[in-house]
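See structure below.
2 protein chains.
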Amino acid sequence: MGYSTISNDNDIKVCVIMVGLPARGKSFISQKIIRYLSWLSIKAKCFNVGNYRRDVSGNVPMDAEFFNFENTDNFKLRELAAQNAIKDIVNFFTKEDGSVAVFDATNSTRKRRKWLKDICEKNNIQPMFLESWSNDHELIINNAKDIGSTSPDYENSEPHVAEADFLERIRQYERFYEPLDPQKDKDMTFIKLVNIIEEVVINKIRTYLESRIVFYVMNIRPKPKYIWLSRHGESIYNVEKKIGGDSSLSERGFQYAKKLEQLVKESAGEINLTVWTSTLKRTQQTANYLPYKKLQWKALDELDAGVCDGMTYEEIEKEYPEDFKARDNDKYEYRYRGGESYRDVVIRLEPVIMELERQENVLIITHQAVLRCIYAYFMNVPQEESPWMSIPLHTLIKLEPRAYGTKVTKIKANIPAVSTYKEKGTSQVGELSQSSTKLHQLLNDSPLEDKF
Amino acid sequence: MGYSTISNDNDIKVCVIMVGLPARGKSFISQKIIRYLSWLSIKAKCFNVGNYRRDVSGNVPMDAEFFNFENTDNFKLRELAAQNAIKDIVNFFTKEDGSVAVFDATNSTRKRRKWLKDICEKNNIQPMFLESWSNDHELIINNAKDIGSTSPDYENSEPHVAEADFLERIRQYERFYEPLDPQKDKDMTFIKLVNIIEEVVINKIRTYLESRIVFYVMNIRPKPKYIWLSRHGESIYNVEKKIGGDSSLSERGFQYAKKLEQLVKESAGEINLTVWTSTLKRTQQTANYLPYKKLQWKALDELDAGVCDGMTYEEIEKEYPEDFKARDNDKYEYRYRGGESYRDVVIRLEPVIMELERQENVLIITHQAVLRCIYAYFMNVPQEESPWMSIPLHTLIKLEPRAYGTKVTKIKANIPAVSTYKEKGTSQVGELSQSSTKLHQLLNDSPLEDKF
Ligand SMILES: Nc1ncnc2c1ncn2[C@@H]1O[C@H](COP(=O)(O)OP(=O)(O)OP(=O)(O)O)[C@@H](O)[C@H]1O
Ligand SMILES: Nc1ncnc2c1ncn2[C@@H]1O[C@H](COP(=O)(O)OP(=O)(O)OP(=O)(O)O)[C@@H](O)[C@H]1O
Ligand SMILES: [Mg+2]
Ligand SMILES: [Mg+2]
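The listed protein sequences derive, respectively, from chains S and C.
Each residue of the first sequence is one higher than the last, beginning at 4 in the numbering used here.
Each residue of the second sequence is one higher than the last, beginning at 4 in the numbering used here.
What follows is the structure in structure tokens.
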């Protein structure tokens, strides 16, 4: 019996084909879609035409002239790049069992899009066009600045030269650009975003997978904001090395709770934010001294350990030795008897993530496993690694989602707490062998700025 | 601390203003939105202008002439009806603490819509227009037949007379109808559905509540289908009067499992369907002999009884007498220590309902509390009643969602099983006092066709 908690459109293959002039957020949206779907265990990959272009063009300079549609030599090089990309996309579906590919390119003309649609359909892939359209001049200029300073095409250019060249590149594209049109393109599956989400046009969306992508895209807000993550303060159960339960904070846990406001303010000043907690006592006690609006989510409750709830790892190893091993072997998939797996937690967290995308500043006070899952979403941590990340108590994590990645800052409260970290192959807790797998150190070692 | 698992837009008031010619499914969509939101504990109410029209028109005959826009007398009566409706809508928000109102009327002209928008905004209500637009002649004729035979306007007419008059009524409206237009109406919050969901235009949707309504509407498929609901076959725990756990079926439970295919085929013939089960043994054993595609959902697992898992009601009453009473007093809200409430179950079932709306025929094999929640969605059962409904073992329930309600058929397998029904105020199981509240008999007594 197939295991799924989302849908049974298991054999559907979708190719999201981006459409839009330069600096319309195509790469931004592409990356987010891939990250979201991967987090939900849907095999997804992005194919950026820019990388293929740089591959084929060898030493041809990639300035605005390269994008002059009347220059036939360069036109051919650009064609070749697109062909190579689509070849790899088809391979991704047919040979690598992919579910969703995103083709990140301008795809400006109806002719080009028809060509892509035909290739997809010949290969049993559903083409879904996603246009980002904008006439908001300020937005475009700001995006151009962002891109000018980060694109590999301008690695060796001065920022203002890069920006000017980039605006010229936009003008080259504008001369030939044909936006998606509900009349002329009425036979295509598409979603068209106008000025971010001022207006959204959705045409012939049919499958569940497509409608999930649509809903996600409709919830993206590319506005700067902070998200803080914290585990609850040290609890009585933590001290007793027990998992699960609904115990109160320890003395030191309360100290952390009282210091939390100061940590938040030191990291961002006086700003507006909402605090989200689980329904368990220890997260609410941790939030207790914060002067912000608070909200409880059942979905933020700790991973349910089922029959092992309230036990120590040593007791579990003794009483359920096979389960103990099975969990160490595949921690992401292992489901406690009568309880949950990491996969189960991710699925119940999906609405939390969707809401986080929409919200402004939020501080989430939750539990070790849940925090790992949320962190994995923002930092694109693979499933083999996320359950093994070390997330110490009494540490506030600040995330700043940016155009091409999420910036992480770790703020230690300097209030001692036990370690609840359990390495693979032992029932002892504590950050023991600093050598071994290193996986669990992911968070500690992560550079300030991680690209996703 | 406010308790919510969905959002913190708690003080937002949305008025969904339907737009569309007759027979475009406006009432159908309105009813579904109300039912969905109410099930999610969002206070929502539908205001149908037809009812107000019939109120004010006294003995004026309501044939197509009544809808002739050039007849000023009747025009005034129709105006008055709209005014009365909007007055009640404003009262619903300001005096009854409503969250979502749906104004079910044609609202054909830009002038009328501007008038409604202004009234809403003056009262701090967010107006959201929802147009159903269609040029699919066959669809419209079929809808007209449906309506002609069911509308109170045609109670005393022959079907073919009713249909002809109704088509004439549509023509009267068509002369003045102004569809929503992304250019002309670009300042309004709206969703426009073209030929059901061939194309969807979404404009200026901002709040979470609005986007939830949009997502739900995009998932509605008004196609005929069956949904079957069944509890698992009798389990060992059922026989031992224990709740929760993950026990196997009893001998008689297996008999039910083996008979299930026959029951399904007798009720619908040879058709295509998918079987959904929970992740627990007893539902999978019940599905075991069915020759259909199967899918497991963690979200279909039984309500988690927390510390009471594996106990009998008698033991619970003895060991946790206060909890036992508290649950009887408010069964919907009561959350088992370390477990769940009915409200929690509804929230985790939301994706299941969304997927059910999209799917064709589905047979769901699940558990008593979960089945109550799903049944409550389709039959619009209020929260005070749904946890008390009697849903016997070894009984297959067939639901047929129709234009104005859901038809229920109950198919008994005639295989004996214990009763797991517990009445209020006792720890004994079994359908005891046939007199008392009667609430739990809801299902047994429900007429074949329930209007929602
Ligand atoms: N829907 C949107 N519309 C416009 N801009 C957006 C949108 N979403 C994100 N952005 C902004 O776009 C910027 C990133 O632009 P991005 O590199 O993704 O553009 P691009 O379309 O891929 O350009 P190019 O064609 O040069 O690759 C970010 O500053 C981001 O905030
Ligand atoms: N989006 C839709 N577009 C067209 N028809 C639909 C849609 N959704 C449901 N229907 C169909 O519409 C029929 C019900 O019509 P309904 O009574 O709701 O129309 P109405 O717009 O309220 O008409 P009236 O203006 O006369 O009240 C059902 O047969 C249903 O299947
Ligand atoms: Mg790009
Ligand atoms: Mg109607």
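A virtual CB, placed ideally from N, CA and C, is assigned to each residue, including glycine.
Go through its chain and collect everything with a Cβ distance to residue i's Cβ below 7 Å, but skip five positions before and after it.
i               : result
S135 of chain S : G23, R27, G28, K29, I32 and L196
P182 of chain C : E134 and W136
E452 of chain S : Bear in mind that the predicted position of E452 of chain S carries a pLDDT of just 34, short of 50, making it unreliable; the figure below should be weighed with that in mind. Only G408 and K410 meet the Cβ criterion.
A147 of chain S : A26, E166, F169 and L170
G248 of chain S : Y240, D312 and G313
L445 of chain S : With a pLDDT of 45 at L445 of chain S, under the threshold of 50, the modelled position of that residue is not reliable, and no figure is offered here.
T456 of chain S : Residue 456 of chain S cannot be examined here, being either before or after the span of chain S that is shown, 4 to 455.
Which one of the options has the shortest CA to CA distance from residue i?
i               : options                           : result
E305 of chain S : S:N332, S:I230 and S:C376         : S:C376
I45 of chain S  : S:I36, S:D331 and S:A406          : S:I36
Q265 of chain C : C:V365, C:Q186 and C:Y292         : C:Y292
K296 of chain S : S:G256, S:G313, S:K284 and S:V278 : S:V278
Y323 of chain S : S:Y335, S:G309 and S:T369         : S:G309
E387 of chain C : C:I20, C:S41 and C:K16            : C:S41
Q186 of chain S : S:E161, S:T286, S:V204 and S:F257 : S:V204
K334 of chain C : C:R340, C:Y345 and C:G433         : C:Y345
Y180 of chain C : C:M131, C:A108, C:V59 and C:I122  : C:A108
A302 of chain C : C:H163, C:E343, C:E201 and C:D76  : C:E343
S253 of chain S : S:I223, S:R285 and S:S111         : S:R285
S102 of chain C : C:V17, C:D331, C:G428 and C:D188  : C:V17
D100 of chain C : C:G272, C:A47 and C:E317          : C:A47
V52 of chain C  : C:N74, C:A104, C:L43 and C:T75    : C:A104
T112 of chain C : C:I208, C:A379, C:D184 and C:E68  : C:D184
P404 of chain S : S:I150, S:D326, S:Y378 and S:F72  : S:Y378
R172 of chain S : S:D188, S:I143 and S:I200         : S:I143
S430 of chain S : S:K328, S:E202 and S:I20          : S:K328
Can you list, in chain order, the residues of its chain whose CB lies under 6 Å from that of residue i, leaving out five sequence neighbours each side?
i               : result
T412 of chain C : K401
T289 of chain S : H235, G236, A260 and I368
S250 of chain C : S238, I239 and Y240
D156 of chain C : M65
D139 of chain C : N198
K415 of chain C : T398
T8 of chain S   : Confidence in T8 of chain S is poor, its pLDDT being 39 and thus under 50, which makes the residue's placement too unreliable to answer from.
L80 of chain S  : V59 and S60
F96 of chain C  : K16 and I128
N71 of chain C  : Q175
N126 of chain S : V93
Just to confirm my understanding: we take residue i, look at its own chain, exclude 5 residues before and 5 after, and list those with CB closer than 8 Å. What are they?
i               : result
S449 of chain S : A caution first: S449 of chain S carries a pLDDT of 41, below 50, which makes its placement in the model unreliable, though a value can still be read off. If we look at S449 of chain S and ignore the five residues flanking it on each side, its Cβ neighbours are M382 and V411.
E177 of chain C : L24
K98 of chain C  : none
P294 of chain C : E264
K245 of chain C : G313, M314 and T315
P419 of chain C : R255 and H397
F218 of chain S : M357
T153 of chain C : A406 and Y407
Y298 of chain S : It is Leu, not Tyr, that sits at residue 298 of chain S in the sequence shown. The answer, listed in chain order, is T277, V278, W279 and T280.
What does the shell around ligand 4 hold, if a residue joins when its beta-carbon is under 6 Å from any heavy atom?
-> Chain-ordered, the residues whose CB falls short of 6 Å from any heavy atom of ligand 4 come out as C:K29, C:S30 and C:D107.
Can you confirm whether the segment 223 to 231 of chain S touches the segment 112 to 120 of chain S when touching is taken to mean that 3 or more C-beta pairs between the two stretches lie within less than 8 Å?
Of all C-beta pairs linking the segment 112 to 120 of chain S to the segment 223 to 231 of chain S, fewer than three are shorter than 8 Å, placing the two stretches out of contact.
ask   = At a cut of 8 Å, does the segment 184 to 194 of chain S reach the segment 202 to 222 of chain S through at least three beta carbon pairs?
value = With a cut-off of 8 Å, the segment 202 to 222 of chain S and the segment 184 to 194 of chain S count as touching, because enough Cβ pairs lie within range.
**Message:** Is it the case that the segment 353 to 368 of chain S contacts the segment 358 to 375 of chain C, given that we only count it when at least three CB pairs across the two stretches are under 8 Å?
**Reply:** Flag = no, the segment 358 to 375 of chain C and the segment 353 to 368 of chain S do not touch.
Between the segment 342 to 350 of chain S and the segment 254 to 265 of chain S, do at least 3 Cβ pairs fall closer than 8 Å? By the Cβ test, the segment 342 to 350 of chain S is not in contact with the segment 254 to 265 of chain S, since fewer than three Cβ pairs between them sit closer than 8 Å.
| task | Examine the Cβ distances between the segment 89 to 98 of chain C and the segment 64 to 78 of chain C and report whether three or more of them are shorter than 8 Å. | result | The segment 89 to 98 of chain C vs the segment 64 to 78 of chain C: no contact.
Checklist line | Under 8 Å (Cβ pairs) to chain C, residues found in the segment 175 to 209 of chain S | finding: Hits within the stretch, in order: P185, K189, I200, E201, E202, V203, V204, I205, N206, K207 and I208.
- [ ] Check distances from the C-beta atoms of the segment 377 to 398 of chain C to those of chain S and list, in chain order, the residues that come in under 7 Å.
- [x] Residues passing the 7 Å Cβ filter: none.
Output needed in chain order: residues of the segment 218 to 229 of chain S with a Cβ under 9 Å from some Cβ in chain C. Taking 9 Å as the Cβ-Cβ cut-off against chain C, the residues of the segment 218 to 229 of chain S that qualify are F218, M221 and N222.
| message | Tell me which residues of the segment 335 to 346 of chain S have at least one Cβ-Cβ distance to chain C shorter than 7 Å, keeping chain order. | response | For the segment 335 to 346 of chain S, which is checked against every Cβ of chain C, the residues closer than 7 Å are G341.
Practice item. Compile a chain-ordered list of the residues in the segment 70 to 98 of chain S whose CB is closer than 7 Å to at least one CB of chain C. Key: Within the segment 70 to 98 of chain S, no residue has a Cβ that lies closer than 7 Å to any Cβ of chain C.
What are the residues in the segment 238 to 257 of chain S lying within 9 Å of chain C by C-beta distance? When CB distances to chain C are screened at a threshold of 9 Å, the residues of the segment 238 to 257 of chain S falling below it are G247, G248 and D249, in chain order.
Query - chain S contacts from the segment 288 to 301 of chain C (Cβ-Cβ distance under 9 Å) - result: Against chain S - using a Cβ distance shorter than 9 Å - the residues of the segment 288 to 301 of chain C are A290, K296, K297, L298, Q299, W300 and K301.
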